[in-house]
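Plus 38 on top of the position in the sequence shown (first one is 1) and you've got the working numbering. C-beta: ideal position from N, C-alpha, C; glycine also. Predicted model only: the values in this text are computed from it and were never measured. Below: the structure, in structure tokens.
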Amino acid sequence: MLRIGNSLDNREIEYFFSILKSEIFPNFEQTCKRFTFIEISKIKEFRNWYNYKKIR
């Protein structure tokens, strides 16, 4: 059971989003409300790379 406020319970997804925000969107906090189609497609490309092509 997940505990509220404990990121260690969900560390895999926390790690994924930290990589996503730092590598694809360096100014994520300023631009997250203005995503364009190109930026959304970058998210899809990153998701595919992370799930299928990344060296494990």
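Out of curiosity, what's the CA-to-CA distance linking residue 76 and residue 50? 26 Å
Contact set for residue 73: own chain, Cβ-Cβ below 7 Å, skip 5 residues either direction: none
Tell me, please, whether the CB atom of residue 79 is closer than 8 Å to any CB atom in chain D? This model lacks chain D altogether; it includes just one protein chain.
Contact check, residue 88 vs residue 55, beta carbons under 8 Å: no
So the alpha helix (DSSP H) residue 81 belongs to, where does it begin and stop? 75-86
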